[in-house]
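Enquirer: In the working numbering, the protein residues as written are 625 to 928.
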DNA sequence: GGAATAACCTGGATGC
DNA sequence: TGCATCCAGGTTATTC
């Protein structure tokens, strides 16, 4: 599933082809892919036709593509295409005129001064992902909005999302204070994108396993040392996954060229229930938690 | 206001 | 073989 490493791989893959490209045509094949867009498909198409992409940015699992001012507009543009891949969304770069993908929802035909004509295809099996045209707003802390941009701006619908742990402006102290102020299970806190962004079910399980913390430990029961250890493991897991191109299951996640990542082979806990813990040899278990699976070692990660 | 839960959605896997 | 059911999980609206 697309979490921070997967979305970052997509952002980095899109940037060279999209930054500086002009949008020549927009085709919305399924309006359900516009659930985050305030208007209809026609307004989405009108807002993008003829616009030029100025950057490819990301915060947590959200991507956005700031746009240069529309022809005839006065002053700086404050609009961007904002996207979320949901559970099965893909952003694919294809040759211009390529055959439609099986779950293609939206296609942008672009012209890049160096790379020529290309198609940007938003494909999504489960339709939890979506694109939108959104207004950019100033960041609350004045720092850059996220990876891939120096501008202190984020789309309005991303403003409530916390910075991710790989963001230079992420505050370790604020994160620790938030965790320790909550009685909720620490895994629930890790999945709360207003506390820390970019972490989903896979990397939450992996980080908690690495930090030897039971997923249902209340945040308020963790010591400062434990919270710092957990944050360090979150960062380490995300960085390793990023280096390996992300985690792919059943082709649910691929990069812009349709290639899978390799981190699934490096998982220690997620999806390995019934197998031996790589650390102590105890059989890993899976429990239902928040309508999803929670994978952990009952010996290394004792319930407190 | 914080915390927990339901709903959204599709296709692969599984069971009968 | 074909049909029904279960399962995966990110975000948000709703409920407690």
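The C-beta atom is built at its ideal place from N, Cα and C for all residues, glycine as well. Small disclaimer: the values here were computed from a predicted structure and weren't measured.
What residue does the beta strand (DSSP E) around residue 716 start on, and which one ends it?
Expert: What you label residue 716 is simply residue 92 of the first chain in a count that begins at 1. Unbroken beta strand (DSSP E) run through residue 716: 713 to 719.
Enquirer: What do you get for residue 774, buried or exposed, if any count of 16 or more other CB atoms within 10 angstroms of its CB means buried?
Expert: Mapped onto the first chain, residue 774 falls at position 150. Classification of residue 774: exposed, given that the 10 Å Cβ count is below 16.
Enquirer: Can you name the start and end residues of the alpha helix (DSSP H) that residue 826 belongs to?
Expert: Taking the first residue of the first chain as 1, we reach residue 826 at position 202. 825 to 835 is the extent of the alpha helix (DSSP H) around residue 826.
Enquirer: Nearest-angstrom Cα distance between residue 744 and residue 717?
Expert: In the first chain, residue 744 corresponds to position 120, counting from 1. In the first chain, residue 717 corresponds to position 93, counting from 1. Using only the alpha carbons, I get a separation of about 5 Å.
Enquirer: For a quick check, are the C-beta atoms of residue 820 and residue 786 less than 7 Å apart?
Expert: For the purposes of this step, residue 820 is identified with residue 196 of the first chain, where counting begins at 1. For the purposes of this step, residue 786 is identified with residue 162 of the first chain, where counting begins at 1. Cβ atoms of residue 820 and residue 786: closer than 7 Å.
Enquirer: Hey, how far is the Cα of residue 864 from the Cα of residue 878?
Expert: Position 240 of the first chain, counted from the start, is the residue given in the question as residue 864. Position 254 of the first chain, counted from the start, is the residue given in the question as residue 878. The straight-line gap from Cα to Cα measures roughly 17 Å.
Enquirer: Determine the direct distance from the alpha carbon of residue 628 to that of residue 754, and round the result to whole angstroms.
Expert: On the first chain, residue 754 is found 130 positions in, with the first residue counted as 1. On the first chain, residue 628 is found 4 positions in, with the first residue counted as 1. Roughly 17 Å between the two C-alpha positions.
Enquirer: Excluding the five sequence neighbours on either side, which residues of its own chain have a C-beta within less than 7 Å of the C-beta of residue 725, listed in chain order?
Expert: Counting from 1 along the first chain, the entry for residue 725 is found at position 101. So the qualifying residues of the chain are 716, 745, 747.
Enquirer: Can you tell me which of 881, 771, 729 puts its alpha carbon nearest to the alpha carbon of residue 655?
Expert: Residue mapping note: residue 655 aligns to position 31 of the first chain, counting from 1. Checked all of 881, 771, 729; the closest Cα to residue 655 is 729.
Enquirer: Might you give, ordered along the chain, the residues of its own chain that have their beta carbon closer than 7 Å to the beta carbon of residue 665, omitting 5 neighbours on each side?
Expert: Position 41 of the first chain, counted from the first residue, corresponds to residue 665. Result list for residue 665: 652, 655, 658, in chain order.
Enquirer: Residue range of the alpha helix (DSSP H) that residue 926 falls in?
Expert: Taking the first residue of the first chain as position 1, residue 926 is located at position 302. From DSSP, residue 926 is part of no alpha helix (DSSP H); its letter is neither H nor E.
Enquirer: Any idea if residue 843 is buried or exposed, counting beta-carbon neighbours within 10 angstroms, 16 or more meaning buried?
Expert: Working through the first chain from its first residue, we reach residue 843 at position 219. Classification for residue 843: buried.
Enquirer: Are there 16 or more other CB atoms within 10 angstroms of the CB of residue 769, so buried, or fewer, so exposed?
Expert: As a first step, residue 769 is located in the first chain; it is residue number 145 there, counting from the start. Buried, by the Cβ-count rule.
Enquirer: Within 10 Å of its beta-carbon, does residue 825 have 16 or more other beta-carbons around it, so buried, or fewer, so exposed?
Expert: Within the first chain, numbered from 1, the residue matching residue 825 stands at position 201. With 16 or more Cβ atoms within 10 Å of its Cβ, residue 825 is classed as buried.
Enquirer: May I have the straight-line CA-CA distance separating residue 862 from residue 791, to the nearest angstrom?
Expert: Your numbering for residue 862 matches position 238 in the first chain. Your numbering for residue 791 matches position 167 in the first chain. One C-alpha to the other measures close to 12 Å.
Enquirer: Are the beta-carbon atoms of residue 882 and residue 871 separated by less than 7 Å?
Expert: The sequence position of residue 882 within the first chain is 258, counting from 1. The sequence position of residue 871 within the first chain is 247, counting from 1. Against a cut-off of 7 Å, the Cβ pair of residue 871 and residue 882 comes out as no contact.
Enquirer: Would you be able to state if there are at least three C-beta pairs under 8 Å between the region 807 to 815 and the region 777 to 785?
Expert: In short, these stretches do not touch, since the Cβ pair count stays below three.
Enquirer: Short check: CB of residue 702 to CB of residue 759, under 7 Å?
Expert: Along the first chain, one-based indexing puts residue 702 at 78. Along the first chain, one-based indexing puts residue 759 at 135. Yes, they are a contact pair.
Enquirer: Counting only the same chain and skipping the five closest in sequence on each side, list residues whose C-beta sits under 8 Å from that of residue 631.
Expert: As a working note, residue 631 is residue 7 in the first chain. Excluding residues within five positions, the ones whose Cβ falls inside 8 Å are 682, 684, 685, 686, 687, 709, 822.
Enquirer: With burial defined as no fewer than 16 other Cβ atoms inside 10 Å of the residue's Cβ, what is the status of residue 704: buried or exposed?
Expert: Residue mapping note: residue 704 aligns to position 80 of the first chain, counting from 1. Buried, since its Cβ has 16 or more Cβ neighbours within 10 Å.
Enquirer: Under the DSSP definition of a beta bridge, which residues are partnered with residue 804?
Expert: Counting from 1 along the first chain, the entry for residue 804 is found at position 180. The partner list for residue 804 (beta bridge, DSSP) is empty, contrary to what the question assumes.
Enquirer: Spatial neighbours of residue 850 within its chain, please: C-beta separation below 8 Å, excluding the five flanking residues on both sides.
Expert: In the first chain, the residue the question calls residue 850 occupies position 226. Closer than 8 Å at the Cβ level, and outside the excluded window around residue 850, lie 835, 837.
Enquirer: If we ignore side chains and look at the alpha-carbon of each, how far apart do residue 845 and residue 671 end up?
Expert: Along the first chain, read from residue 1 onward, the residue named residue 845 stands at position 221. Along the first chain, read from residue 1 onward, the residue named residue 671 stands at position 47. Residue 845 and residue 671: Cα-Cα distance of roughly 49 Å.
Enquirer: Measure the C-alpha to C-alpha separation of residue 711 and residue 891 and round it to an integer number of angstroms.
Expert: Taking the first residue of the first chain as 1, we reach residue 711 at position 87. Taking the first residue of the first chain as 1, we reach residue 891 at position 267. Each residue's Cα considered, the two are about 19 Å apart.
Enquirer: Which of the three DSSP states, helix, strand or coil, is assigned to residue 632?
Expert: Within the first chain, the letter at position 8 stands for residue 632. The answer is helix: DSSP assigns residue 632 an H, G or I state.
Enquirer: Answer with buried or exposed for residue 626, where buried requires no fewer than 16 other C-beta atoms within 10 angstroms of its C-beta.
Expert: Position 2 of the first chain, counted from the start, is the residue given in the question as residue 626. Answer is buried; the Cβ neighbour count reaches 16.
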